[in-house]
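In our numbering, the protein residues as written are 1 to 194.
Accompanying notes for the structure given below.
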């Protein structure tokens, strides 16, 4: 007798597929990502997964989207709770994270080895986080905490490029040194009263 799977059962397996895929991606990165193992663990057939996602790369992109989506609401709440431009730096100074250790444990760098995946991450960042950050920039401008003579889009692009630079430097320098240096640069370029 042939088994018939309900749509609800398949949806639960797809959710399980995403959850296991997220773990696999975080632990092993893109290069060592084992798509077959993820499919098998979720209890789905390869045909079902390939029908929905077409190929390994599309599924990895969907997994990255799933990962990013987990951070949108907490990020929005974090920014909603920040009442002043200075609080942003207070928060960053207060983080006690060893980024070099994180980079050693998690193969984050290979996320950037594939142009298509990198392009997706970049576009999704602009789509999901851009509006949140731009709204906060506008709020700081209204409060007179940052310059009003520069368009919000330009400030957003500046902050985005600085954030990417911080990410690059964290593999070479201590976190506190990077944050202190960039806070001086950011404050001198954006604050009204620096």
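The beta carbon of each residue, even a glycine, is placed where N, CA and C say it ideally should be.
Comparing alpha carbon positions, the residue from 32, 156 and 119 closest to residue 137 is 156. With respect to the 8 Å criterion, residue 42 and residue 16 are classified as neighbours on the basis of their beta carbons. Excluding residues up to 5 positions away in sequence, 134, 137, 138 and 141 lie with their Cβ nearer than 8 Å to the Cβ of residue 152 in the same chain. With respect to residue 61, residue 129 sits apart: the two C-beta atoms are not nearer than 8 Å. Pairing residue 146 with residue 191 gives a Cβ-Cβ distance under 8 Å.
Note that the region 79-92 does not touch the region 47-54; fewer than 3 beta-carbon pairs, one per stretch, sit closer than 8 Å. If you draw a straight line from the Cα of residue 29 to the Cα of residue 82, it comes to about 33 Å. Contact between residue 159 and residue 76 does not hold, since their C-beta atoms are separated by about 16 Å, which reaches or exceeds 8 Å. The three-state secondary structure of residue 191, taken from DSSP, is strand. Only residues of its own chain outside the window of five on either side were considered, and among them 30, 57, 60, 61, 64 and 111 have a CB closer than 8 Å to the CB of residue 117, listed in chain order. With a contact defined as Cβ atoms closer than 8 Å, residue 166 and residue 154 miss out at about 19 Å. About 6 Å separates the beta carbons of residue 33 and residue 24, which is inside the 8 Å limit, making them a contact pair.
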